[in-house]
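Remarks on the structure that follows.
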Amino acid sequence: MKLLATSSLGAFAAVALMSGAMAETRLTIATVNNGDMIRMQKLTDDFTKANPDIVLNWVTLEENVLRQKVTTDIATKSGQYDVLTIGTYEVPIWAKKGWLVPLDDLGADYDIDDLLPAIRTGLSLEGKLYAAPFYGESSMIMYRKDLFDKAGIKMPESPTWDFVADAARKITSSETYGICLRGKAGWGENMAFLSATANSFGARWFDEKWRPQFDQPEWKNALSFYIKLMRDAGPPGASSNGFNENLALFNAGKCGMWIDATVAASFVTNPKDSKVADKVGFALAPNTGLGKNANWLWAWSLAVPGGSQKVAAAKKFVAWATSKHYLELVASKEGWANVPPGTRKSLYANTEYQKAAPFAKLTLDSINSADPAHPTVKPVPYVGIQFVAIPEFQAIGTAVGQQFSGALAGSSSVDDALASAQTIAMRDMTKAGYIK
C-alpha cells in the first residue's frame, strides 16, 4: 500500500509538472538591432516576473534583414514570430490584407487616447489600432556646437540646405567629417533620407497618374546636391553607412553634423554612449524655401500576426513594452532623457522629461509638422513622406536605393542612376497595373 501511494504521488507530480510545462507560453519576438530595442531586452525581467508563464525568445536583426524576414514570414503565414517589429509603412497595408491582429483592447490602463495623434493615425486602419508604437520619430539636424562656434557659424532653427552644405564644408577637418548622411541601400535606409530630402527639393516619386518622376529636374537637383555634399564633406565609404553606422561615427566625435531620426537625440547626448554628449545642438531638418522640410514620420511598433495561436500572451507583451509603465521603468534605470520618445502626449507634458531632454520640443514639433497626406510640393496620388504607402514600394524603393548607393560609391553617374531608377519604377508600376 505504501509503495502504491508513493507511486501514485509520483505520477501526480509528473502530471503536475507536465501541466506546468504545457501552460508555459513561448513568444518569439522579431526586432531591430537599435539601442532602444536592445535596452528593452535588458529590462524584460520586469515583464517575466509579472508573467512567469511567458518565456521570451528574441530574434534581433539588422534593419534591412528584419524587414525582409518579417515580410516573408507574414506573407507566407509560416508563423516563426509571435510579435513583429514593423513600421508605419507596413501597418495599414498588412492590416488591410488581414495579416495583423487589432490592438484596440490592450487593457484599461493602457490609455490608447494618450498616443500622439500623428503616430496613432499612421498605425491604424479605419480607426482601429493594428500596431502599438514603441517609439515614434521624425528627423532633424544634430550638430556639434563647439565646431560651429570655432568656425564662427550660428545654426538657424530652420536652416536651408545651402546653409547646411556651406557649414559642413567649413567644419570639415582632418579629425572630423563635416556631415554624415545615410548611404546604405534600402527603402528604409538611404531612401528614407533621400525621399524626404527630395520632397524638400520639390521632387516626388510619382505624378498624379503614377508615372515615376526620376527623369525630372527636381530629382537630379536633389541627388546631385547630396552626392556632391557627401564627397566634399562626408566620410569615406558612406555608401555602406546607415543609421547605426552614422550614430557610431557621431558619438565617436567624427561627424560635425548628422541629419537623421529624432530618436538618436537621447544617444548622442548620453555620456555613456557619446564622447560629444555635452556639445550637441539640434535644429529642424533643412529646406530649400519651397515649403517642405526634409523631415519624415515613422514609428517602430510592435504587432501580432493574424492567425497567431498566442494572441493573448503576445498582447500582454505588446501592452507592457509600449505602456506608460515601461517609460517610467526606463526613466528609473536610465534617466528620463533615455525613455523611448515620440509616442505619448503625457511624456511631452512631463516636466521631468522636458528638463532632462533638451531635444523634446524639437522632436514633438518635427513629428507634428510632418504631413504624410501632403508630403510633397506638387500634388501626388499617394500617402507617405519617406515612403509611398503601396505594397509595391518595398521592392521598388530598395532597387532604387541600390542605384543611388552605387552613384554615391562612384560606380555610376547621377544621370545613369536616375535613368535606371526611372526604368525600374516604370517597369514595376506598369506590371502592377498603376500605369495603363
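Just so we're aligned, residue 15 is where the sequence shown starts under our numbering, counting upward by one. For each residue, glycine too, the CB sits at the ideal point set by N, CA and C. All values reported here derive from a predicted model rather than from experimental measurement.
Residue i in three-state terms, based on DSSP
i, result
"E76", "coil"
"F162", "helix"
"Q436", "helix"
"L130", "coil"
"V46", "strand"
"F264", "helix"
"D430", "helix"
"L137", "coil"
"N382", "helix"
"M36", "For M36, the predicted structure reports a pLDDT of 47, less than 50, and the residue's modelled location is therefore unreliable. A value from the coordinates is still provided. Correct three-state label for M36: helix."
"E171", "coil"
"Y367", "helix"
"V84", "helix"
"I100", "strand"
"M443", "helix"
"L243", "helix"
"A387", "coil"
"Q55", "helix"
"A252", "helix"
"A89", "helix"
Inter-residue Cα distance where the pair is residue i and residue j
i, j, result
"L130", "S238", "36 Å"
"S315", "N48", "13 Å"
"L341", "V353", "6 Å"
"P13", "V69", "This structure does not reach residue 13, given that the chain is present from 15 up to 450, and the question cannot be answered."
"Q436", "K234", "12 Å"
"K63", "L57", "11 Å"
"G141", "P386", "17 Å"
"T11", "Y144", "Nothing about residue 11 can be read from this structure; the chain reaches only from 15 to 450."
"K223", "A217", "15 Å"
"F148", "I133", "10 Å"
"T336", "W350", "16 Å"
"Y95", "A146", "16 Å"
"D60", "K324", "20 Å"
"T90", "A236", "38 Å"
"L75", "K83", "9 Å"
"T412", "S419", "10 Å"
"S214", "Q227", "15 Å"
"W272", "L208", "14 Å"
"A275", "L376", "12 Å"
"V332", "Y191", "40 Å"
"N382", "V79", "30 Å"
"F177", "D229", "27 Å"
"G251", "G200", "16 Å"
"M156", "A37", "49 Å"
"V282", "R53", "16 Å"
"S188", "D50", "32 Å"
"A181", "L432", "27 Å"
"M244", "N71", "40 Å"
"D128", "G356", "11 Å"
"G447", "P393", "20 Å"
According to DSSP, residues forming a beta bridge with residue i
i, result
"F257", "F257 pairs with nothing; no bridge assigned."
"A146", "L316"
"I71", "The question names Ile, but residue 71 is Asn in the sequence shown. According to DSSP, which records beta bridges pairwise, N71 is partnered with T42."
"I155", "I273, A297"
"R358", "L129"
"L376", "BP columns for L376 are empty, so no partner."
"V114", "Sequence inspection shows Leu at residue 114; the Val mentioned does not correspond to that position. Note: L114 sits in a beta bridge opposite P319."
Bounding residues of the alpha helix (DSSP H) (the contiguous stretch that carries residue i)
i, result
"R183", "175-185"
"E342", "338-348"
"I107", "104-110"
"T412", "407-423"
"A456", "The structure shown does not extend to residue 456, since the chain spans only 15 to 450, so no value can be given for it."
is_contact[residue i, chain D] using C-beta, thresh 7 Å
i, result
"L195", "The structure shown has no chain D; it contains just one protein chain."
Task: Residue ranges of each alpha helix (DSSP H) within the region 184-239, 4 or longer - done: Runs of the alpha helix (DSSP H) inside the region 184-239: 204-214.
Open item on the list: In chain order, what are the residue ranges of uninterrupted alpha helix (DSSP H) at least 4 long that sit wholly in the region 270-355?
Closed with: Within the region 270-355, the complete alpha helix (DSSP H) runs of at least 4 residues are 279-282, 325-335, 338-348.
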